[in-house]
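Asks: One structure, pasted below without further comment.
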Amino acid sequence: MSEPKPPTPTPGDTYKGWLFKWTNYIKGYQRRWFVLSNGLLSYYRTQAEMGHTCRGTINLATANIAVEDSCNFVISNGGAQTYHLKANSEVERQRWITALELAKAKAVRMQAESDDSGDDCPAVPPTSGQGGGCRNSNSEVQSTLRTLNSKVEDLTTCNDLIVKHGSALQRSLSELEGIRVGGDMGDKIRQVTERATLFRITSNAMINACRDFLSLAQSHSKRWQKALQVERDQRIRLEETLEQLAKQHNHLERAFRGATVLPSSFSNPALGNKGGVPGKGDASDEDDDNEFFDAMEDPAEFITVPADPKYHRRSGSNVSGISNETGMDDQSVNFDELSLASNPESPQSLELEPVRQRRTRIPDKPNYYLNLWSIMKNCIGKELSKIPMPVNFNEPLSMLQRLSEDLEYYELLDKAAKCQSSLEQMCYVAAFTVSSYSTTVHRTGKPFNPLLGETFELDRLKECGYRSLCEQVSHHPPAAAHHAMSEKGWTLRQEITLASKFRGKYLSIMPLGSIQCLFDKSNNHYSWKKVTTTVHNIIVGKLWIDQSGEIDVVNHKTGDRCHLKFAPYSYFSRDVPRKVTGVVTDKDGKAHYVLSGTWDEKMEFSRVMQSSKGENGTEGKQRTVYQTLKAKEIWKKNPLPEGAENMYFFSSLALTLNEPEEGVAPTDSRKRPDQRLMEDGRWDEANAEKQRLEEKQRTTRREREREAVKAVSPSEEGAHQDNYQALWFEKLDDPASGETLHVYKGGYWEAKEQGSWDMCADIF
295 MSEPKPPTPT
305 PGDTYKGWLF
315 KWTNYIKGYQ
325 RRWFVLSNGL
335 LSYYRTQAEM
345 GHTCRGTINL
355 ATANIAVEDS
365 CNFVISNGGA
375 QTYHLKANSE
385 VERQRWITAL
395 ELAKAKAVRM
405 QAESDDSGDD
415 CPAVPPTSGQ
425 GGGCRNSNSE
435 VQSTLRTLNS
445 KVEDLTTCND
455 LIVKHGSALQ
465 RSLSELEGIR
475 VGGDMGDKIR
485 QVTERATLFR
495 ITSNAMINAC
505 RDFLSLAQSH
515 SKRWQKALQV
525 ERDQRIRLEE
535 TLEQLAKQHN
545 HLERAFRGAT
555 VLPSSFSNPA
565 LGNKGGVPGK
575 GDASDEDDDN
585 EFFDAMEDPA
595 EFITVPADPK
605 YHRRSGSNVS
615 GISNETGMDD
625 QSVNFDELSL
635 ASNPESPQSL
645 ELEPVRQRRT
655 RIPDKPNYYL
665 NLWSIMKNCI
675 GKELSKIPMP
685 VNFNEPLSML
695 QRLSEDLEYY
705 ELLDKAAKCQ
715 SSLEQMCYVA
725 AFTVSSYSTT
735 VHRTGKPFNP
745 LLGETFELDR
755 LKECGYRSLC
765 EQVSHHPPAA
775 AHHAMSEKGW
785 TLRQEITLAS
795 KFRGKYLSIM
805 PLGSIQCLFD
815 KSNNHYSWKK
825 VTTTVHNIIV
835 GKLWIDQSGE
845 IDVVNHKTGD
855 RCHLKFAPYS
865 YFSRDVPRKV
875 TGVVTDKDGK
885 AHYVLSGTWD
895 EKMEFSRVMQ
905 SSKGENGTEG
915 KQRTVYQTLK
925 AKEIWKKNPL
935 PEGAENMYFF
945 SSLALTLNEP
955 EEGVAPTDSR
965 KRPDQRLMED
975 GRWDEANAEK
985 QRLEEKQRTT
995 RREREREAVK
1005 AVSPSEEGAH
1015 QDNYQALWFE
1025 KLDDPASGET
1035 LHVYKGGYWE
1045 AKEQGSWDMC
1055 ADIF
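Quick note: the sequence shown uses the numbering used here, first residue 295, plus one each step.
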């Protein structure tokens, strides 16, 4: 079977393919991968080299393209760069020639435009009185016009090429008519065929360019029509408001002129008009508009098809009717939340106001030089927790505090607790699962390994309605237990054990253990596990983090399930980086919701109306096609605070985690001296303190092991192990998930209220 034909090159597109390049008289022509992009022709030995090694590049703006025979052609820039190339066939060579000529014409045009700096200036400079929205609109229009102008120029180039090749084809046909049947007949026929093929390819490129231009013009035409309609509606509202104000002003003016006594006549009519029906009517209309736009800006509240703008003034009964039609199971919750959002004086909003001012900055990260390879070369293949690392690799937070950062988007669980539908609740739980990774995208620093018995409390009961407690329950392997409880009716508990391996170029961190979320109202019990975190470019290059793997969020009560897939980053993939997809199914496997987004930005969900089996995928598996309603945003990442790049890329919550706080346990991470010294920028002292704490922990463990040896009988010799017992957690079997994990047994918050910490060991 013949190989599939490559697509016809279109103006402005990247063109790729295999060609044979002349190397030398010994090796002759060698197969190379060529890439044509932005007026540059580059080649590589293989496609895999595109990410790191380019063998050569030639600028087409100054290059000359010449055809040698049916399959060979030459590209030269008049200097030292000359590429003798050969294609597999005449048709393939014609495709490359067309793509190269289009790219050359565009490169020459762009070079001429860059030489004329005045062309980039807007024709009509904006006045100082224009608002930011007008400037953005004007900039968008200018950008669109430049894009359309570029497409028109592409069409002009294609037209010139068609005229050129059409003339050549006509000459060949004329010559064909005038020759006699003889030996040169075959050459002439081949030449005519070549001209016809080139003319056809160029014509196809012309048609594709026309199609792109038409599609672009149509899409922008629709956008501008919508924008124009919005501007018209806004103008009508402003005119109505101005008319009402003019009537009120006229009425006040007449009342003032007809008064006999100035003070009373001036005040009473004015007050009467300000408090009368017309004034209230205008205010209520304006409030209605504001409430509508607030509702639209909170897409997490709706799973319905977005209403048409003409239904902006619908009554509450109509809106509820639409919700019922599309399967909204949580109407009362949604409208209650809308009323709370629009009423700043509601009891709930007053309850969530912060009771204390949290810090918004920490000292900037100092720039210390460290010879990385001298430390890492002896650590390849070892367990990360057993490698003595200086604080230069760390961030001034412990692993317990990083675990508590999972609660940054606790509002998702608050909303999930209000859902009446378990399937809708699953969407919020799944979004919460993805949101916990958003803080890791720039956080290349390693958190401090907690000492055995170290704790961390996060008390946000008065501010956010929840509080949590973490404790390091094991040191080898390192394991941390976490328990969070909210007044909104949910409990989160997790036990995470980290298994990590350093592989030279990258570091893999595999979280082992389970996370569980329980809701009081519905008794729904969810559980899931974390995916693998990979830190790339450990030795050379800029560090970057990727999350990859699959997560199954299971509701053990109903059998509902959400399968989330974290796609690993690939240089050659066309998908959005850090992509996450998921499908929510019931116990029978029927899909109800589809989730999509990225783990570092946002997630959207949409209701499935119908599903069917589609065509076979790349691996031979049959793809499922879901027909869904319009996607709604369910979670979006909070912006980083200003100057975060100098503060370890901490989020607003992370900046407060190590803030000193009164009344916490003496084992709390906030009281770690090495961590505190590092945050203050005193890294040399922090390294010395870190070594002291690690040696103290080793000594304590050896003493505990000796006591364990004395406690066992001679027949049990060799079976003893570290007999450490967690202080605030106990190990229990969970009947719902069938797993064994550390569960909070109580007592911590009572001890904090009493200020009694006698049971806590001296670990610092």
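Note that beta-carbon positions come from the ideal geometry of N, C-alpha and C, so glycine has one too.
With H, G and I counted as helix, E and B as strand and the rest as coil, what does DSSP make of G333?
Replies: Position 39 of the sequence shown, counting from 1, holds the residue named residue 333. Note: G333 maps to coil in three-state DSSP.
Asks: Quick one: grab the DSSP three-state call for K310.
Replies: On the sequence shown, residue 310 is found 16 positions in, with the first residue counted as 1. It is a strand residue.
Asks: Could you compute how far the alpha carbon of V825 sits from the alpha carbon of R505?
Replies: Within the sequence shown, numbered from 1, the residue matching residue 825 stands at position 531. Within the sequence shown, numbered from 1, the residue matching residue 505 stands at position 211. One C-alpha to the other measures close to 43 angstroms.
Asks: In the DSSP assignment, find the alpha helix (DSSP H) that holds Y1042 and state where it starts and stops.
Replies: One-based indexing of the sequence shown puts residue 1042 at position 748. Its alpha helix (DSSP H) spans residues 1042-1048.
Asks: Indicate, with yes or no, if the ligand MN has a heavy atom lying under 6 angstroms from the CB of M479.
Replies: The ligand content of the structure shown is nil, which means the ligand MN is not present either.
Asks: Work out the CA separation of I809 and K1018 for me, nearest whole Å.
Replies: Along the sequence shown, read from residue 1 onward, the residue named residue 1018 stands at position 724. Along the sequence shown, read from residue 1 onward, the residue named residue 809 stands at position 515. Checking the displayed sequence, the identity of residue 1018 turns out to be Tyr instead of Lys. Taking the straight line from one Cα to the other gives about 23 angstroms.
Asks: Taking the alpha-carbon positions, what's the K924 to F899 distance?
Replies: Here residue 924 refers to the residue found at position 630 when the sequence shown is read from its first residue. Here residue 899 refers to the residue found at position 605 when the sequence shown is read from its first residue. For K924 and F899, the distance between alpha carbons rounds to 9 angstroms.
Asks: Exposed or buried, what is E534 when buried is set at 16 or more other beta-carbons lying within 10 Å of its beta-carbon?
Replies: Within the sequence shown, numbered from 1, the residue matching residue 534 stands at position 240. Result: exposed.
Asks: Work out the CA separation of I839 and V735 for me, nearest whole Å.
Replies: Within the sequence shown, numbered from 1, the residue matching residue 735 stands at position 441. Within the sequence shown, numbered from 1, the residue matching residue 839 stands at position 545. Going from the Cα of V735 to the Cα of I839 covers about 6 angstroms.
Asks: What are the start and end residues of the alpha helix (DSSP H) that includes S946?
Replies: Taking the first residue of the sequence shown as position 1, residue 946 is located at position 652. Taken as a continuous stretch (DSSP letters only), the alpha helix (DSSP H) holding S946 covers 946-951.
Asks: State yes or no: is the C-beta of I803 within less than 7 angstroms of the C-beta of T827?
Replies: Position 509 of the sequence shown, counting from 1, holds the residue named residue 803. Position 533 of the sequence shown, counting from 1, holds the residue named residue 827. Contact flag set, yes.
Asks: For Q519 and P933, what's the separation of their Cα atoms in angstroms?
Replies: The residue you call residue 519 lines up with position 225 of the sequence shown. The residue you call residue 933 lines up with position 639 of the sequence shown. Answer to the nearest angstrom: the Cα atoms are 32 angstroms apart.
Asks: Check R696 in the structure and name its three-state DSSP category.
Replies: Working through the sequence shown from its first residue, we reach residue 696 at position 402. Of the three classes helix, strand and coil, the one that applies to R696 here is helix, per DSSP.
Asks: Please determine, among A374, S780, L697, the residue with the shortest C-alpha to C-alpha distance to P1088.
Replies: Lying before the first or after the last residue shown, residue 1088 is absent from the chain, which here runs from 295 to 1058.
Asks: Which runs of the alpha helix (DSSP H), 4 residues or longer, sit entirely within the stretch 940-996?
Replies: 946-951, 967-973
Asks: Round the Cβ separation of H886 and V902 to the nearest angstrom and send it over; I've been treating them as touching at under 8 angstroms.
Replies: Along the sequence shown, one-based indexing puts residue 886 at 592. Along the sequence shown, one-based indexing puts residue 902 at 608. Between V902 and H886 the Cβ distance is about 6 angstroms, and since that is below 8 angstroms, they are a contact.
Asks: Can you name the residues that DSSP bridges to K896?
Replies: Working through the sequence shown from its first residue, we reach residue 896 at position 602. Its beta-bridge partners are K930.
Asks: From L812 to K782, what distance separates their C-alpha atoms?
Replies: The residue labelled residue 812 in the question sits at position 518 within the sequence shown. The residue labelled residue 782 in the question sits at position 488 within the sequence shown. Approximately 12 angstroms between the Cα atoms of the pair.
Asks: Assuming L701 contacts L752 under a Cβ cut-off of 8 angstroms, what Cβ separation, rounded to an integer in Å, is found between them?
Replies: In the sequence shown, the residue the question calls residue 701 occupies position 407. In the sequence shown, the residue the question calls residue 752 occupies position 458. With 8 angstroms as the limit, L701 and L752 qualify as a contact, their Cβ atoms being about 7 angstroms apart.
Asks: Is it right to say H777 is buried, meaning 16 or more other beta carbons lie within 10 angstroms of its own, or is it exposed?
Replies: Here the question's residue 777 lines up with position 483 in the sequence shown. Buried, by the Cβ-count rule.
Asks: The beta strand (DSSP E) that contains Y731, what's its start and end?
Replies: As a working note, residue 731 is residue 437 in the sequence shown. Note, Y731: premise wrong, no beta strand (DSSP E); not H, not E.
Asks: Along the chain, where does the alpha helix (DSSP H) that runs through D708 open and close?
Replies: For the purposes of this step, residue 708 is taken as residue 414 along the sequence shown, with counting starting at 1. Looking at the DSSP string, the run of the alpha helix (DSSP H) that includes D708 is 705-712.
Asks: Reducing DSSP to helix, strand and coil, say where T738 ends up.
Replies: Here residue 738 is taken as the residue at index 444 of the sequence shown, counted from 1. Looking at T738 - three-state DSSP - the assignment turns out to be coil, as it is neither helix nor strand.
Asks: Comparing alpha-carbon positions, which option in V958, A503, D527, S509 lies nearest R761?
Replies: The residue given as residue 761 occupies position 467 in the sequence shown. If you compare the alpha carbons of V958, A503, D527, S509 with that of R761, the shortest gap goes to V958.
Asks: Look at the Cβ atom of Q719, then the Cβ atom of A725, and state whether they are nearer than 7 angstroms.
Replies: As a first step, residue 719 is located in the sequence shown; it is residue number 425 there, counting from the start. As a first step, residue 725 is located in the sequence shown; it is residue number 431 there, counting from the start. It is not a contact, given that the beta carbons lie outside the stated cut-off.
Asks: For the candidate residues D882, T727, E953, whose alpha-carbon lies nearest to that of E844?
Replies: Start at 1 with the first residue of the sequence shown, and residue 844 comes out as number 550. Among D882, T727, E953, the Cα nearest to that of E844 belongs to T727.
Asks: In the structure shown, what three-state DSSP assignment does V834 receive?
Replies: The residue labelled residue 834 in the question sits at position 540 within the sequence shown. Residue state for V834 is assigned as coil, using DSSP reduced to three classes.
Asks: With Y800 as the anchor, note down where its beta strand (DSSP E) starts and where it stops.
Replies: Translated into the one-based positions of the sequence shown, residue 800 becomes position 506. From DSSP, the beta strand (DSSP E) with Y800 extends over 800-813.
Asks: Quick check on the burial criterion: 16 or more other C-beta atoms within 10 angstroms. Buried or exposed for I928?
Replies: Here residue 928 refers to the residue found at position 634 when the sequence shown is read from its first residue. The residue is buried, with at least 16 neighbouring Cβ atoms inside 10 Å.
Asks: Tell me the DSSP secondary structure of G460 in three-state form.
Replies: The count along the sequence shown starts at 1 and reaches residue 460 at position 166. Three-state DSSP puts G460 in a helix.
Asks: Please report the residue range of the beta strand (DSSP E) in which F860 lies.
Replies: For the purposes of this step, residue 860 is taken as the residue at position 566 of the sequence shown. First-last of the beta strand (DSSP E) with F860: 855-860.
Asks: In whole angstroms, give me the CA-to-CA distance for Q485 and S466.
Replies: Here residue 485 is taken as the residue at index 191 of the sequence shown, counted from 1. Here residue 466 is taken as the residue at index 172 of the sequence shown, counted from 1. Spanning the two alpha carbons is a distance of roughly 7 angstroms.
Asks: In angstroms with no decimal places, state the Cα-to-Cα distance between Y722 and N952.
Replies: What you label residue 722 is simply residue 428 of the sequence shown in a count that begins at 1. What you label residue 952 is simply residue 658 of the sequence shown in a count that begins at 1. Distance between the alpha carbons of Y722 and N952 is about 29 angstroms.
Asks: For W316, which residues in the same chain have their Cβ closer than 6 angstroms to its Cβ, ignoring the five residues on either side in sequence?
Replies: One-based indexing of the sequence shown puts residue 316 at position 22. Contacts found: Y323, H378.
Asks: Is K907 helix, strand or coil by DSSP?
Replies: The residue given as residue 907 occupies position 613 in the sequence shown. DSSP places K907 in strand when its eight states are reduced to three.
Asks: Around the C-beta of P960, are 16 or more other C-beta atoms found within 10 angstroms, so that it is buried, or is it exposed?
Replies: Counted from its first residue, the sequence shown places residue 960 at position 666. With fewer than 16 other Cβ atoms within 10 Å, it is exposed.
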